[in-house]
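Final position of the sequence shown in the UniProt record's numbering is 424; the numbers increase by one with none missing. Written out below as structure tokens is the structure these notes cover.
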Amino acid sequence: MLKSWQPFEWIVALRFLREGRLQTLFIMTGVAIGVGVIVFMSALLAGLQGNFIRRVLSAQAHIQLLPPQQHTRELRGERELGPEGQPGAVVGAIVQPPLQRLKSIDQWQAVARQVQAMPGVRVVSPQVSGSALVLRGSASRAVSLTGIEPALYYRIVDLGDKLLRGSAQLGSGDILIGSELAADLGLDVGDKLRLSTSNAANPGAAPSLSTFKIAGIFDLGNKGANERSTYVPLRTAQSLLGLPGGVSSLDVTVEDVYAAERMAQRIAAETGVQADSWIKASAQFFSAISAQSTANTAIRFFVGLSVAFGIASVLVVVVVQKSREIGILRAMGISRGQILRVFLLQGGLLGLGGALIGCAIGAAALLAWQRFARNADGTPLFALSLDPQLFALALLLASITGLLSAFAPALRAARLDPVVAIRG
Numbered sequence: 001m002l003k004s005w006q007p008f009e010w011i012v013a014l015r016f017l018r019e020g021r022l023q024t025l026f027i028m029t030g031v032a033i034g035v036g037v038i039v040f041m042s043a044l045l046a047g048l049q050g051n052f053i054r055r056v057l058s059a060q061a062h063i064q065l066l067p068p069q070q071h072t073r074e075l076r077g078e079r080e081l082g083p084e085g086q087p088g089a090v091v092g093a094i095v096q097p098p099l100q101r102l103k104s105i106d107q108w109q110a111v112a113r114q115v116q117a118m119p120g121v122r123v124v125s126p127q128v129s130g131s132a133l134v135l136r137g138s139a140s141r142a143v144s145l146t147g148i149e150p151a152l153y154y155r156i157v158d159l160g161d162k163l164l165r166g167s168a169q170l171g172s173g174d175i176l177i178g179s180e181l182a183a184d185l186g187l188d189v190g191d192k193l194r195l196s197t198s199n200a201a202n203p204g205a206a207p208s209l210s211t212f213k214i215a216g217i218f219d220l221g222n223k224g225a226n227e228r229s230t231y232v233p234l235r236t237a238q239s240l241l242g243l244p245g246g247v248s249s250l251d252v253t254v255e256d257v258y259a260a261e262r263m264a265q266r267i268a269a270e271t272g273v274q275a276d277s278w279i280k281a282s283a284q285f286f287s288a289i290s291a292q293s294t295a296n297t298a299i300r301f302f303v304g305l306s307v308a309f310g311i312a313s314v315l316v317v318v319v320v321q322k323s324r325e326i327g328i329l330r331a332m333g334i335s336r337g338q339i340l341r342v343f344l345l346q347g348g349l350l351g352l353g354g355a356l357i358g359c360a361i362g363a364a365a366l367l368a369w370q371r372f373a374r375n376a377d378g379t380p381l382f383a384l385s386l387d388p389q390l391f392a393l394a395l396l397l398a399s400i401t402g403l404l405s406a407f408a409p410a411l412r413a414a415r416l417d418p419v420v421a422i423r424g
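Structure follows, in structure tokens:
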């Protein structure tokens, strides 16, 4: 068992590093560049992913709960005849898909309370969504009408922060519309518009017309959403869409956005409703994020591997150059364990010293990126944070890499025969 570190090992390790200044400088530069690249890429990718996720989730819930899907029903089928003329298996059938009617979640208040009580759930917000037609003079536009409870919904999608003009407060006769729709129809805050909706409970009935005053105009950051999205109070939408007392969906936000799919599966299993997470709805986007993370991990691994080989190769050269000195030290009574620790110290110091410089390089590169990489309007491309944990982890991993890469050269030095080493 190796003894604890002693000053002797430090003295010899530092002397060897000083005597090979050029080699020490070369390998520390390599370690610094490697660590700097890892720090910069990790922080940049974390900021980029965080920005993408914030954009995706800024206008939608983490999980959306919907009524269970209806199954198709058979209208007419042809069956094979079984034994003794009994009906057999169906070989052909004409089926009718379920009618696309607006349907409420059964006992949605109880479902909302049950989901809200689950660990990890932040907000549950009821809403009613359906199709409508906005009328302005002779012009008309098809829109998506959403009824919300502002106190809950604004904790999921902060419409107040996205308003260009007006107020996010919704009265019984108020409506919020998107900037593209307002520009298309020449509408502004305080103007009135008519809304034509059909009754979900009675599709054959004539559409109803209602007049609303525009309380605010918002920008969701998406042209299509700004053209189609409109918001009214929940009770108003329930009345217009023929769903009194019911809701077509429940929007849910959770503490861990990456665990949304797992939480959605749990909610579906416990409540019986259909639960769709943002991960499932944005499968391609999430796959792109996963691919970026995998690529970043691979790059960090190969950079770390190249750093380890660099440290090991330099220490192998040091062992060859210092063979005579090592033999003299062994002849003077220095143990194999002490020689082993001398070279392990050199590896650790090279890794730690290079990592300190590399962290400084990475931080400087991140600050430069934040300062000079800008949008056309002068705002930052996305937020970057200098996470202390990232730098601490980089220092720790670089030091461990230095120790591990130094083990083989250190073991070779410790096994040198003193007589053979002194004779050269």
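Cβ coordinates follow ideal geometry from the N, Cα and C atoms, glycine included. Keep in mind the model is a prediction, meaning the values are calculated, not measured.
Assuming the contact rule is C-beta atoms closer than 8 Å, residue i and residue j should be a hit. Round their C-beta distance to whole Å, please.
{"i": "residue 264", "j": "residue 63", "result": "5 Å"}
{"i": "residue 274", "j": "residue 68", "result": "6 Å"}
{"i": "residue 181", "j": "residue 141", "result": "6 Å"}
{"i": "residue 398", "j": "residue 31", "result": "6 Å"}
{"i": "residue 241", "j": "residue 48", "result": "So it is not a contact: roughly 40 Å between Cβ atoms."}
{"i": "residue 323", "j": "residue 395", "result": "So it is not a contact: roughly 32 Å between Cβ atoms."}
{"i": "residue 178", "j": "residue 218", "result": "6 Å"}
{"i": "residue 391", "j": "residue 39", "result": "7 Å"}
{"i": "residue 114", "j": "residue 248", "result": "So it is not a contact: roughly 18 Å between Cβ atoms."}
{"i": "residue 55", "j": "residue 221", "result": "7 Å"}
{"i": "residue 366", "j": "residue 414", "result": "Not really, about 41 Å apart at Cβ, beyond 8 Å."}
Short of 6 Å in beta carbon distance, which residues of its chain neighbour residue i, apart from the five on each side in sequence? Order them along the chain.
{"i": "residue 345", "result": "9 and 13"}
{"i": "residue 149", "result": "234"}
{"i": "residue 34", "result": "303 and 307"}
{"i": "residue 402", "result": "311, 347, 348, 350 and 351"}
{"i": "residue 153", "result": "125"}
{"i": "residue 143", "result": "132, 134, 228 and 230"}
So is residue i in contact with chain C if we call contact Cβ pairs under 7 Å?
{"i": "residue 172", "result": "Absent from the structure is chain C; it holds one protein chain and no more."}
Based on the DSSP output, what are the partners of residue i in its beta bridges?
{"i": "residue 335", "result": "In DSSP, residue 335 forms no bridge with anything."}
{"i": "residue 258", "result": "The partner list for residue 258 (beta bridge, DSSP) is empty, contrary to what the question assumes."}
{"i": "residue 231", "result": "146 and 176"}
{"i": "residue 195", "result": "134 and 210"}
{"i": "residue 165", "result": "217"}
{"i": "residue 380", "result": "374"}
{"i": "residue 29", "result": "Partner(s): none; residue 29 has no beta bridge."}
{"i": "residue 64", "result": "251 and 276"}
{"i": "residue 139", "result": "136"}
{"i": "residue 126", "result": "250"}
{"i": "residue 121", "result": "254"}
Under 8 Å Cβ to Cβ from residue i, same chain only, skipping five residues before and after it: list those, please.
{"i": "residue 296", "result": "41, 42 and 45"}
{"i": "residue 244", "result": "238"}
{"i": "residue 135", "result": "193, 194, 195, 196 and 209"}
{"i": "residue 370", "result": "380 and 384"}
{"i": "residue 254", "result": "62, 63, 120, 121, 122, 260 and 263"}
{"i": "residue 387", "result": "43 and 46"}
{"i": "residue 111", "result": "65, 105, 250, 271 and 273"}
{"i": "residue 17", "result": "24, 346, 349 and 350"}
Short of 7 Å in beta carbon distance, which residues of its chain neighbour residue i, apart from the five on each side in sequence? Order them along the chain.
{"i": "residue 216", "result": "163, 165, 166, 167, 168, 176 and 189"}
{"i": "residue 139", "result": "185"}
{"i": "residue 315", "result": "343, 346, 347, 406 and 409"}
{"i": "residue 37", "result": "303"}
{"i": "residue 269", "result": "none"}
{"i": "residue 236", "result": "147 and 172"}
{"i": "residue 198", "result": "207"}
{"i": "residue 422", "result": "324, 327, 328 and 331"}
{"i": "residue 359", "result": "35, 39, 391, 394 and 395"}
Going by DSSP, what residue range makes up the alpha helix (DSSP H) through residue i?
{"i": "residue 7", "result": "7-19"}
{"i": "residue 425", "result": "Nothing can be reported for residue 425, as the shown portion of the chain is limited to 1 through 424."}
{"i": "residue 222", "result": "It is not in any alpha helix (DSSP H) - residue 222 carries neither H nor E in the DSSP assignment."}
{"i": "residue 457", "result": "Because the chain here runs from 1 to 424, residue 457 falls outside it and cannot be looked at."}
{"i": "residue 112", "result": "108-116"}
Mind checking residue i: buried by the 16 CB within 10 Å criterion, or exposed?
{"i": "residue 157", "result": "buried"}
{"i": "residue 213", "result": "exposed"}
{"i": "residue 251", "result": "buried"}
{"i": "residue 73", "result": "Residue placement at residue 73 is flagged as unreliable, the pLDDT there being 46, under the threshold of 50; the coordinate-derived value follows with that caveat. By the 10 Å Cβ count, residue 73 comes out exposed."}
{"i": "residue 419", "result": "exposed"}
{"i": "residue 172", "result": "exposed"}
{"i": "residue 335", "result": "exposed"}
{"i": "residue 256", "result": "exposed"}
{"i": "residue 301", "result": "exposed"}
{"i": "residue 331", "result": "exposed"}
{"i": "residue 11", "result": "exposed"}
{"i": "residue 338", "result": "buried"}
{"i": "residue 356", "result": "buried"}
Would you kindly report the start and end of the unbroken beta strand (DSSP E) that includes residue i?
{"i": "residue 187", "result": "No beta strand (DSSP E) holds residue 187; DSSP gives it neither H nor E."}
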